[in-house]
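For reference, the structure is listed below as structure tokens.
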Amino acid sequence: MSRYQSRQETGKFDCIARTRVLYYIYSGTQPEGGAKWNIPLCIKIQMKGGSGVYQQEPYNEVVASAVMRRLGVGHVDYTLTSDGDKPYSLCESFITPETELIPAWRVQQTLKKRSERSPRDHFLACCDALGVPGVMDALNRMLTVDYIISNEDRHFTNFGCVRNADTLEWLGLAPVFDSGTSLWYNSLRVGTRVESKPFRKSHDEQIRLVDDFSWFDISALRGLDEEIIGIFAASGEIDEARASAIAKAVVERAGQIERLRLEHKPSVVTTIREHQRQEAETPRKQSGRKTQQER
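Residues 2 to 296 in this note's numbering are what the sequence shown lists, from first letter to last.
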């Protein structure tokens, strides 16, 4: 945090959300015409604490950042800090004065949900209607990461789409953020089954929604277990045994993704619109088979 030269805190600390927003003034130098100018830049920083016995959420954010950085998944990068004896995660806002985040719950109001359409397919259809690019690939990656870290709280307000605030041009799915409620953060036993969100209640079911694993490179996660243990080493509440158990569980879940990648057949669905076309044809094909059987 040394590059943040001065700090102004605004607002009260939210004890329920354990979140505080800070504004840092970064003084950088930029050469222009042979001269160097000091240019102050206001950067919005989110500072978020932990909960429960382990105060684990801030460390989880850093672990999630490490996983996504290794896999090349677009994400918000988190670092650690402390205030007294309390750990906090820090991240810079990915929203600029020129952009805005439209949460998923608002995106999915674009169209009326058809009864036969699943929540994921409805979200994809809404993104297609709006013209949001690259959603299927980004969603595949987000759900894969959530499986690896056993995320329990990917609700419809902590992911969404980004657009230009002036032109209203859609830029794509937002980088992955807010992954702290993961890694069995509130459980005494590591590796137990936990519920998932937002499309299925089970991680084993939700990961089956991923259409393509070709981007997943298991070799990029080599040494991840040691990195995870190193991240938790800064915690006074998480002992080495728990840190090692978390690291082992993450590596095992990543191995399961690799097995899915090897057995997964290449998807013929290349666009959301093609996906919708196939979805619409399925009931007609089933109806045709039924008619032939009746005959």
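Think of the CB as a built atom: it goes at the ideal place given N, C-alpha and C, for glycine as much as any other residue.
All values reported here derive from a predicted model rather than from experimental measurement.
With a beta-carbon spacing of about 4 Å, ILE229 and ALA248 fall inside the 8 Å limit used to define contacts. If you compare the alpha carbons of GLN110, SER188, LEU222 and GLY85 with that of VAL64, the shortest gap goes to LEU222. Where ASN61 is concerned, the enclosing alpha helix (DSSP H) starts and stops at 58-72.
In the DSSP assignment, SER83 falls outside any alpha helix (DSSP H) and within the unbroken beta strand (DSSP E) covering 80-84. Sequence-distant Cβ neighbours of THR80 in its own chain, meaning closer than 6 Å and more than five residues away, are LEU91. About 4 Å separates the beta carbons of ASN152 and SER183, which is inside the 8 Å limit, making them a contact pair. Counting C-beta pairs closer than 8 Å gives three or more between the stretch 52-69 and the stretch 178-193, which meets the contact rule.
Judged by DSSP in its simplified three-state form, ARG164 adopts strand. In the three-state DSSP reduction, TYR89 falls in the strand class (E or B). In this structure, LYS49 lies near PRO59, with their beta-carbon atoms less than 8 Å apart. Contact between CYS162 and LEU174 holds, with the beta-carbon distance rounding to 6 Å and staying under 8 Å. For the stretch 122-168, the continuous alpha helix (DSSP H) assignments of 4+ residues that do not extend past its boundaries occur at 136-149, in sequence order. The closest CA to that of PHE160, considering only PRO199, CYS127, LEU112 and ALA242, is found on PRO199.
A Cβ-Cβ contact shorter than 8 Å links VAL191 with ALA250. Nearest neighbour of TYR186 by Cα position, chosen from ILE239, ARG209 and LEU102, turns out to be ILE239. For ILE229, the uninterrupted alpha helix (DSSP H) run begins and ends at 225-233, by DSSP. Rounded to the nearest angstrom, the gap between the Cα atoms of ARG194 and ILE258 is 16 Å.
Secondary structure of GLY192 (DSSP, three-state): coil. About 7 Å separates the beta carbons of GLY75 and ALA139, which is inside the 8 Å limit, making them a contact pair.
For the options ARG260, HIS265, LEU225 and LEU261, the alpha carbon positioned closest to that of ALA246 is the one of LEU225.
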